[in-house]
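Novice: The end of the sequence shown is residue 911 by this note's numbering, with every number in the run present. Note that beta-carbon positions come from the ideal geometry of N, C-alpha and C, so glycine has one too.
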Amino acid sequence: MGIIRPLDEHLANQIAAGEVVERPASVLKELIENAVDAGSSRIDITTEEGGLTLVRVADDGAGIQPDDLMTAFQRHATSKIYSAKDLFQIATLGFRGEALPSIAAVAKVRCASAPDGRGLARFVEIEGGSVKGEGETNASQGTEMIVRELFYNTPARLKYMKTIQTELGHLSDVVYRQALARPDIAITFRHNGTVLLRTAGTGDLRQVVAAIYGTAAAKAMVDVKAEHPDYSLTGLTALPVETRANRNAVTVLVNGRYVRSQAVVQPLLQAYHTLLPVHRYPLSVLHLRMHPTLVDVNVHPAKLEVRFSKENELRSFIEQAVKEALATQAYIPSATSVRTNAKSPFWVQDQIRFQVKPPDVSTDTAVASDSSGIAEVKPVYAPQAAGSRSFEKHAVGANTPSGPAASQDFSRSTSADKVPESVWQAAFAAPAETPASRPEFPELSWIGQLHGTYLVTQNETGMYLIDQHAAHERIHYEYYYDKFGRPQEASQELLLPVTLGFAPDEYTLLRERLPIFESAGVYLEDFGGNTFIVRAVPHWFPEGDEADIAREIADWVLTERKIDLHALREKAAILCSCKASIKANQALSREAAERLLSRLGQCRQPYTCPHGRPIVISFSTYELEKMFKRVM
Ligand code: ADP
Ligand code: MG
280 MGIIRPLDEH LANQIAAGEV VERPASVLKE LIENAVDAGS SRIDITTEEG GLTLVRVADD
340 GAGIQPDDLM TAFQRHATSK IYSAKDLFQI ATLGFRGEAL PSIAAVAKVR CASAPDGRGL
400 ARFVEIEGGS VKGEGETNAS QGTEMIVREL FYNTPARLKY MKTIQTELGH LSDVVYRQAL
460 ARPDIAITFR HNGTVLLRTA GTGDLRQVVA AIYGTAAAKA MVDVKAEHPD YSLTGLTALP
520 VETRANRNAV TVLVNGRYVR SQAVVQPLLQ AYHTLLPVHR YPLSVLHLRM HPTLVDVNVH
580 PAKLEVRFSK ENELRSFIEQ AVKEALATQA YIPSATSVRT NAKSPFWVQD QIRFQVKPPD
640 VSTDTAVASD SSGIAEVKPV YAPQAAGSRS FEKHAVGANT PSGPAASQDF SRSTSADKVP
700 ESVWQAAFAA PAETPASRPE FPELSWIGQL HGTYLVTQNE TGMYLIDQHA AHERIHYEYY
760 YDKFGRPQEA SQELLLPVTL GFAPDEYTLL RERLPIFESA GVYLEDFGGN TFIVRAVPHW
820 FPEGDEADIA REIADWVLTE RKIDLHALRE KAAILCSCKA SIKANQALSR EAAERLLSRL
880 GQCRQPYTCP HGRPIVISFS TYELEKMFKR VM
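1. Does any CB atom of chain C fall closer than 8 Å to the CB of Arg-523?
2. Taking contact to mean at least 3 C-beta pairs separated by less than 8 Å, is the region 450–465 in contact with the region 411–418?
3. Hey, could you find the ends of the alpha helix (DSSP H) Met-440 is sitting in?
4. Between Gly-330 and Val-306, how many whole angstroms is the CB-CB distance? I'm expecting something under 8 Å.
5. Just how far apart, CA to CA, sit Trp-835 and Ala-799?
6. Would the beta-carbon of Leu-844 be found less than 7 Å away from any heavy atom of the ligand ADP?
7. Keeping to the same chain, check which residues put their C-beta closer than 7 Å to that of Ile-745; ignore five residues upstream and five downstream.
8. What would DSSP say about Asp-639, mapped onto helix, strand or coil?
9. Is it buried or exposed for Lys-589, if we count other Cβ within 10 angstroms and need 16 for buried?
10. Per DSSP, which one or two residues make a beta bridge with Val-585?
11. Counting only runs of 3+ residues fully inside the region 802–870, write out the beta strand (DSSP E) ranges in chain order.
12. Across the region 741–758 and the region 789–806, are there enough close Cβ pairs to call them in contact, namely three or more that are closer than 8 Å?
13. Can you tell me the Cα-Cα spacing of Phe-898 and Leu-554, whole angstroms?
14. Which residues mark the beginning and the end of the alpha helix (DSSP H) in which Arg-747 is found?
15. Nearer than 7 Å: is that true of the beta carbon of Asn-534 relative to any heavy atom of the ligand MG?
16. Among the candidates Ile-369, Cys-888, Leu-379, Leu-366, whose CA atom is the shortest distance from the CA of Met-349?
17. May I ask you to check if the CB of Glu-270 is nearer than 7 Å to at least one heavy atom of the ligand MG?
18. Is the CB-CB distance between Pro-303 and Val-334 below 8 Å?
19. Nearest-angstrom Cα distance between Arg-427 and Gly-373?
20. Just to be sure I understand the criterion: a residue counts if its Cβ is closer than 6 Å to at least one heavy atom of the ligand MG. Which residues meet that?
21. The ligand ADP and Arg-485: does the residue's C-beta get closer than 7 Å to at least one heavy atom of that ligand?
22. Can we count Ala-297 as close to the ligand ADP, meaning its CB is less than 7 Å from some heavy atom?
23. Leaving out the 5 sequence neighbours to the left and right, which residues in its chain are closer than 6 Å to His-289 when beta-carbon positions are compared?
24. Indicate whether Gly-514 and Leu-562 have their beta-carbon atoms separated by less than 8 Å.
25. In angstroms with no decimal places, state the Cα-to-Cα distance between Gly-808 and Ser-613.
26. Straight-line CA distance for Phe-402 to Gln-353?
27. Any heavy atom of the ligand ADP closer than 7 Å to the CB of Ile-343?
28. Below 7 Å CB to CB, which residues in the same chain sit around Asn-292 once its five sequence neighbours on both sides are set aside?
29. Whose C-beta lies closer than 7 Å to the C-beta of Glu-598 among residues of the same chain, with five residues either side of it excluded?
30. Anyone know if the C-beta pair for Ala-489 and Leu-476 falls short of 8 Å?
31. Whose CA, out of Glu-406, Val-299, Val-300, Thr-422, lies closest to the CA of Asp-347?
32. Could you name the residues of the same chain whose beta carbon sits closer than 6 Å to that of Glu-312, not counting the 5 residues immediately before and after it, in chain order?
33. Please confirm whether His-755 and Ser-595 have their CB atoms less than 8 Å apart.
34. Let's test the definition: count the other Cβ atoms within 10 Å of the Cβ of Gln-728 and tell me whether it reaches 16, buried, or not, exposed.
35. Identify, in the order they occur along the chain, each residue of the same chain with its Cβ nearer than 8 Å to the Cβ of Arg-539, setting aside the five sequence neighbours on each side.
36. Which residues in the same chain have their Cβ closer than 6 Å to the Cβ of Ala-505, if we skip the five residues on either side of it in sequence?
Following this line, the structure appears as structure tokens:
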């Protein structure tokens, strides 16, 4: 006699619950997804004790028809897909019809739903999979799901729950990601009576980001917006000043669904390459939209992963979009934000606007008495002959008389939290669709050199310190990057060919990868015995370092699993720029310093060195005044 029998439904649900309901946050995720799928415009979430005693989700969505209420709690019962064809174009967050029966198998659930807005609702109560009651009740349009005492009948599971704080962390994560996915839904999230998040539902992503990560973070993000025949990408991504130590800072959304996707995160990071220090991640919310047939969402039990068709195309689309978004903004950290690690970045836009219309003040009118009697020093913009600009310091006790009032205020309000809202608005106004050319680098005049390492410079808004080595590296990096993009430019034979020796496995791998070198203009010749001869390198390689660079490129080529030309070009450019750049502790003449400044100003991205370290740090006049307690 056979021993194989189908499981009864109750047991099957409990088994499914093991997969679907890992912890309170998984319950919350499923309930919120149902509310979203029901077209809700408002979702109220109440939780207690990390969600272990209570998870309640109330929405104003379509509701469940009275006849469907029981069915909704049956295994594999769904209103979202009816055929196999539907499975390949899923436009809803849920589709498996597993959540409600699984949750009801391991908790005490009450569901009340009013689908017709006339105040009449039906409810059902289910505990551990058994129906305990049902009937009529009063409710406003929508559905209310109450899940109490999760895992009350599965003590083994309950035992594995972490602290309330840990569970709350998971709950918050679920709510935050959903709020970021749908800024058009008003979401309120309470835990033990405290409101932890409230979004307005206005559709403004930046507002939601501000509610979750704080206003300073929201202000330090730029709009991402790009279109492609198959995809659209929208969102916000942080300037390199707003970084985090872990990947959670990145929220990837695909057709309204939060997912973990290397196919999106990698190109995002690639776009920041040379802008971010190692092991830092940008705060980022990227929402990718595409026809549902182009993405398979049925690949992960918690629906947290997806599979894209045309993934390579997608990757380059994302990288390009983020690069363009970043190129619309300048970022110079201010001395105070660097020192205190405060979140406020200092925006160069403010100065540029100021620079365009310098206040009409000259030194001879600069001395005036301050009505308040408080002495003040400000650099005064003094236009000289034919457009050349310079600065005059003037005596302590002098005050700048009224230039255009707005400009004066502007120059003094460069500390981020002092910047008027209108200025932030303006800073973000650059349309992301058109890859705007980057904002102008401030025009800086040279004051001197500090410890043979930093250039001290100024303009009308304050003082700027420039790391000369970092600046030089950036200039060289962009130069070599462009050069590597034109490998057809002649390589030149080395007068003294150098041999490079390798381990046997390395040698074999390199031999396969020789064409990669040639695409960079480096010609290696197989010399047998695990060695290669460097025959020729591009004529613009830094002189004397040719063999070193070839060796380092080889080392890199050996460690990378997959080499693409783009990455090679970047890597090689960084190697060359390090070799070619002036090091710290090197005296620079005024001419050399000014040349460096002007070439830096022409860089595509003059704010960070290729390793992501800042090149320029600003001390705004206002900050200096604050440091010296001239203003409070
Ligand atoms: P799925 O979401 O995969 O369809 P669920 O078990 O989560 O499966 O829900 C079953 C069904 O119950 C859904 O298909 C939907 O019709 C209905 N439902 C669940 N929650 C809600 C809600 N908040 N508002 C309206 N309908 C709901
Ligand atoms: Mg569902």
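Specialist: With the structure as the only source:
1. Here there is only one protein chain, and chain C is not present.
2. As far as the Cβ criterion goes, the region 450–465 does not touch the region 411–418, which means the pair count is below three.
3. Element bounds for Met-440: n/a, residue is neither H nor E.
4. About 7 Å separates the two Cβ atoms, so the contact holds.
5. Near 13 Å, if we compare the C-alpha coordinates of Ala-799 and Trp-835.
6. No; taking the cut-off as 7 Å, the Cβ of Leu-844 has no heavy atom of the ligand ADP nearer than that.
7. So the list reads Tyr-733, Leu-734, Thr-736, Ile-894, Val-895, once near-sequence residues are dropped.
8. Caution is warranted here: a pLDDT of 30 is assigned to Asp-639, below 50, making its placement in the model unreliable, and no coordinate value can be reported.
9. Looking at its Cβ environment, which holds fewer than 16 other Cβ atoms inside 10 Å, Lys-589 is exposed.
10. For Val-585, DSSP records no beta bridge to any residue.
11. Within the region 802–870, the complete beta strand (DSSP E) runs of at least 3 residues are 802–807, 810–817.
12. With a cut-off of 8 Å, the region 789–806 and the region 741–758 do not count as touching, because too few Cβ pairs lie within range.
13. As the crow flies, the alpha-carbon of Phe-898 is around 21 Å from that of Leu-554.
14. For the sequence presented, residue 747 should be read as Gln rather than Arg. In the DSSP annotation of this structure, the continuous segment of the alpha helix (DSSP H) that includes Gln-747 starts and ends at 747–763.
15. Because no heavy atom of the ligand MG lies under 7 Å away, the Cβ of Asn-534 does not count as near it: no.
16. The residue with the shortest Cα to Cα distance from Met-349 is Leu-379.
17. The chain is shown only over 280 to 911; residue 270 falls outside these bounds and no answer can be derived.
18. Going by C-beta atoms, Pro-303 is nearer than 8 Å to Val-334.
19. Note on geometry: alpha-carbon atoms of Arg-427 and Gly-373 lie some 22 Å from one another.
20. Near the ligand MG, residues with a Cβ at less than 6 Å from any of the ligand's heavy atoms are Glu-309, Glu-312, Asn-313, Gly-373, Ala-378; the list follows chain order.
21. Incorrect: Arg-485 has no Cβ contact closer than 7 Å to the ligand ADP.
22. Sequence check: residue 297 is Gly here, not Ala. Checking the 7 Å criterion, the Cβ of Gly-297 is out of range of every heavy atom belonging to the ligand ADP.
23. The beta carbon of His-289 lies closer than 6 Å to those of Gly-408 in the same chain, with the five residues before and after it left out.
24. Contact: no.
25. Cα-Cα distance, rounded: 55 Å.
26. Rounded to whole angstroms, Phe-402 to Gln-353 spans 15 Å at the Cα level.
27. Yes, the ligand ADP has a heavy atom inside 7 Å of this Cβ.
28. The beta carbon of Asn-292 sits closer than 7 Å to those of Arg-354, Pro-380, Ser-381, Ala-384, Gly-408, all from its chain and outside the five residues before and after it, given in chain order.
29. Here Glu-598 has Pro-546, Gln-549, Ala-550 as same chain residues with Cβ atoms under 7 Å from its own Cβ, once five neighbours each way along the sequence are excluded.
30. Taking 8 Å as the cut-off, the beta carbon of Ala-489 is found no closer than this to the beta carbon of Leu-476.
31. Distances from the alpha-carbon of Asp-347 to those of Glu-406, Val-299, Val-300, Thr-422 put Thr-422 closest.
32. So the list reads Leu-372, Gly-373, once near-sequence residues are dropped.
33. No.
34. Answer is buried; the Cβ neighbour count reaches 16.
35. Sequence-distant Cβ neighbours of Arg-539 in its own chain, meaning closer than 8 Å and more than five residues away, are Val-531, Leu-583, Glu-584.
36. Exclusion of the five residues before and after Ala-505 leaves Leu-512, Ala-600 as the residues of its chain whose Cβ lies within less than 6 Å of its Cβ.
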